[in-house]
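Each residue of the sequence shown is one higher than the last, beginning at 1 in UniProt numbering. Just below is one structure, and these are the notes that go with it.
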Amino acid sequence: MSCDSVDEQMYEFWQSLARSAFGDMVNDSDRNKLYFKAIQKTMTHLKTYKEDILGVDIGTGTGLLSMMAVKSGAHRVVACDCFEPIVRCAQSIVQTNGFSDSIQVIHKRSDELTVGSDGCDLERRADVLVAELFDTELIGEGAISTYRHAVQNLLTPEALLVPSRARIYCQLVQSESLFSYNQFRDNIQINDQLMNALKPNEDFIVVTEPEVVFEFEFNNLSTLQPKDRKIIKFKTTRDVSGPLVLFMWWTLDMDFEGEIVLSCAPFWTYNQSSINSETIPWRDHWIQSIYYLSAKNRHFDLKANETIKVEANRDEYSLWFNESDDENYCSDSLGFQCKCGLHLFVSRTRISMISDVSRLKRYNKAIEDIHNSMANDSTNALFIGDSSLVPIIASKYTKIKKVLCLAKNKQTEDFITSYSKSNGCEDKIEIIRDFDQIEDKTVGLVLGEPYFNCSDLPWDHIHIWHLFHNIPSNVLSNDVILMPNKALIKAIPIEFDNLWKINSDVGSDVEGFDLRFYDQLIKSAKAESDASIESHPLWEYPVLVTGGTGLVGRAIESVVNANKEEFDCYSFVFIGSKDADLSDETQTRALFQRVRPNYVIHLAALVGGLFSNLNNNLQFLRKNLSINDNVLLMSHEMNVKKCISCLSTCIFPDKTSYPIDESMIHLGPPHDSNFGYSYAKRMIDVLNKAYHNYNCNDSTGAHKTVFTSVIPTNVFGSYDNFNVDHSHVIPGLIAKAYKAVTEAKQKGAKNAKLVVFGSGEPKRQFIYSIDLAKLIIWVLKSYEEIDPIILSVGEEDEISIREAAQEVVNAFTDDHMKLELEFDRNYSDGQFKKTANNGKLRKYLPDFEFTPIHVGIKETSYEEIDPIILSVGEEDEISIREAAQLIVNAFTDDDMKLELEFDRNYSDGQFKKTANNGKLRKYLPDFQFTPIHVGIKETVEWFRHNYSTARI
């Protein structure tokens, strides 16, 4: 035997050992507690009538269940496992914990154990069986046959089992996105899915109640037959219009009375409000499953309370389901296996990618743009990659003569050939196995997705770049185009709540037992066989922004949209008052359950200007107390990672020294003018500290939310409230100025007055909404203190209301209009000054540059108040005759000639309405409008394809 073969065998050994790791299961503390509790109850019951309790542990692993049994009262336990390294591991763990005299670990399968006289593994049949033999489908590891053999050969008739019984549940849901994972199929297939990561009413809609499909009594042979079939009658709870998939999970009755239950059910099936996606026990080792019904039923149209019959089948290892109207029909026993061949080499994730219409449209648009930019001469295209529809898309374009597809494997060849035939483009598709087969053809376009079936990590797909460079230069045209021509690899460090448990140590205190020898064994195996980096799917972190349609929310949305690459791992959800009444706890809970945020930016509030507050203090107090309490309570209950609330400088004491800082919030009553709003906002800081103290004292560690707050000074910007009766200072001044200027222009006047209530002498620090948005996002990512932080320009940038009003005047004054200030001193000034110290912010961000107030006011005035004409230039104005001719051209082809005729019995209407787009061109001098003939052609194409659903 060669050294290479020995090394290969040893690698396979270490890899097998590393793959046998079940640390995530042992780290499931909820599972461990339920097993221990059920074993203790079972042993207590057995001891009432048994003096000598003999137990058996099948598939012992670390020996944990055997040790639980002995500690709970079993006199002896025989444990077995078929994998020798794990047997030796269990023996060492049993010895370390002092149970060697009571537990015997044997290297055998359970059906190899002998029972009877001296020399047998068991001197008699056992009184109790403890075992964990389950997988995602419950029965996939042979649990049925293992229990059947144990009942027949290893256990007494009255033996008790932990667990004692199991139930498999199913529920029908409607979901386009989940259906896409199995879209291309003519078979029935399973899909493992962590359902607690799905969002009800967003990723799927529940359409039936859960039903028990199969039930197993592990000591009852009649429930442990090799095969079973049932017809399950589901009744719809709502109307259905779309594809249906079947959710499956299971539960275990751990004890003989069914009082202790281990459940793998998803969070929405619980009636307890305390159970949600964050608080439900983490079980990555026993996730739920999705099953797809028969291929003919891609779309269901059902009314509420209709019955749909589902045929449920199982053998000893697998489950499969069909929608069936015939209760006497029995589907193929191999129904769960792939018959089309696609699923044997294409992952379900890839099937979803192929099914993603929006993704395909992007490729189509990219190829179309390339096609339109090509010279009139046609060329050949070369496609590189696996299981892709890109060559099918490319083949429909007229300037592409042939699409040469490099198929390095038979599966890719079959895939492309099959889909080219079904789309009628096989004459334009040519399969090649090597670049040498290109022969005398010239390639002007090289295409790729890129995707390769054998790739694991995302950057493995960049293998396409290597293949691009291997193309012989003599087959490429001088102006060859590559798609794609650039790639970005992005990385981000992420802290996971539970995923780390897959590779974490189980340690020395698993329900009081020391399992460290197991850790050492698995570490040694992984060191020999595993790479240092494992690939796992990356998902987004939802950020719920309450008040997301207001001034600050829109600014955050603007910043996020302008920097999409920076926020790839966040999914921002902006909600306004129309989405939920946050003063209502029921609506707030429903919102949080729908979004299931990881982060919350709480901006929502009942707000108003000085005079609105003066007249409605009670309403502002009660409404805002309710809103804040509900949002923070839901953040706590759903274990949001961070909740950032937005306060205001009005919360500071009226009589205080200046400048104010974060330590002075509660040192006296706020100003009388807005005490209701102020006290409600102050209570957020109190709630933040109370939740923080609660979390610190929570011994379970279940709640880890960081509750914090920000205190901006006076905010202004786009999307503010410009109602003069309810707005803040700057938006109110802008609205007044706009009205004054508009009315003056209507009268033909060139002068107008901006009337400011009060003396104009009070001072304020103003912050542009875009600056505040950037700072709030910094708080989201980097600020970890519970204490609030002031987000403000510096004291040196504080200005009077008069100065702010003058900046508004400047923004509206031009050669055609002069705006003048006037102050109405019959109105109160309110609080004279509220100078805030931004020293804390400057310690964190010493170089942050604020937008100068005159720039912010000018941008707000023009963006929100003055309209802008969005139009092509005067030079592109055309006649109705010319537009009609372009429509005729779009409809005319070899089979149809369309001619124009003008009916002069009808009036022409206004002859012309030429618009000047000079203002637009100042902002966007290089914007390129789509030529009208192209726009009309595309519109005609859309109309042809969507005639049946167009508004006619």
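All residues carry an ideal CB built from backbone N, CA and C; glycine is no exception.
- Secondary structure within the region 751-815: the beta strand (DSSP E) runs of 3 or more consecutive residues, fully enclosed, are 751-757, 766-768, 789-791 (chain order).
- Shown here for D301: same chain residues with a beta carbon closer than 8 Å to its own, the five before and five after excluded, namely V240, S241 in chain order.
- Inclusion of A381 and I393 in the CB contact set at 8 Å is not warranted, their separation being larger than that value.
- In this structure, L122 keeps its C-beta atom at 8 Å or more from the C-beta atom of L129.
- Boundaries of the beta strand (DSSP E) harbouring H602: 599-602, taken from the DSSP string.
- Excluding its 5 nearest sequence neighbours in each direction, V559 has C-beta neighbours in its own chain below 8 Å: I770, A773, K774, I777, listed in chain order.
- Here the alpha carbon of A312 sits roughly 11 Å from the alpha carbon of M248.
- Burial is judged here by how many other beta carbons sit within 10 angstroms of a residue's own beta carbon; M67 has at least 16 and is buried.
- Distance from the CA of G548 to the CA of V573, rounded to the nearest whole angstrom, comes to 8 Å.
- Cβ atoms of S72 and Q40 come within 8 Å of each other, at about 5 Å.
- In this chain, F36 is not harboured by any beta strand (DSSP E); it is covered by the alpha helix (DSSP H) spanning 29-46.
- About 7 Å separates the beta carbons of R594 and K199, which is inside the 8 Å limit, making them a contact pair.
- DSSP, read as helix, strand or coil, puts L178 in helix.
- Under the three-state reduction of DSSP, V506 is assigned to coil, being neither helix nor strand.
- Pairing S645 with S709 gives a Cβ-Cβ distance under 8 Å.
- D814 and G760 have their C-alpha atoms roughly 23 Å apart.
- Inclusion of E413 and I431 in the CB contact set at 8 Å is warranted, their separation being smaller than that value.
- Going by C-alpha positions, L160 is about 42 Å away from V640.
- Taken in chain order, the complete alpha helix (DSSP H) segments of 4 or more residues contained in the region 692-731 number zero; there are none.
- Annotation: A265 to W250 spans about 7 Å, alpha carbon to alpha carbon.
- CA-CA distance, N613 to N271, rounds to 42 Å.
- A Cβ-Cβ distance of about 21 Å is found for the pair N837 and E784, leaving them out of contact under the 8 Å criterion.
- Taking one beta carbon from each stretch, the region 658-677 and the region 744-756 have fewer than 3 pairs nearer than 8 Å; the two do not touch.
- When DSSP reads this structure, S263 sits in a beta bridge with T251.
- In the structure shown, the three-state DSSP call for Y363 is helix.
- Annotation: the continuous beta strand (DSSP E) that includes K230 extends over 228-235.
- DSSP assignment within the region 585-643 yields the following whole alpha helix (DSSP H) runs of 4 residues or more, N-terminal first: 585-595, 610-615, 617-637.
- Take the alpha-carbon of L625 and the one of K501: they are about 40 Å apart.
- Separation of the CB atoms of I786 and K689 is rounded to 6 Å, and the pair is thereby assigned contact status at 8 Å.
- Measuring C-alpha to C-alpha distances from A749 to each of V756, F757, A740, V755 identifies A740 as the nearest.
- In the DSSP assignment, C89 falls within the unbroken alpha helix (DSSP H) covering 84-96.
- In this structure, V808 keeps its C-beta atom at 8 Å or more from the C-beta atom of I767.
- DSSP, reduced to helix, strand and coil, places D111 within a helical segment of the structure shown.
- Boundaries of the alpha helix (DSSP H) around M67: 64-72.
- One thing to note: S289 has its Cβ within 8 Å of the Cβ of E137.
- With fewer than 16 other beta carbons inside 10 angstroms of its own, P458 counts as exposed.
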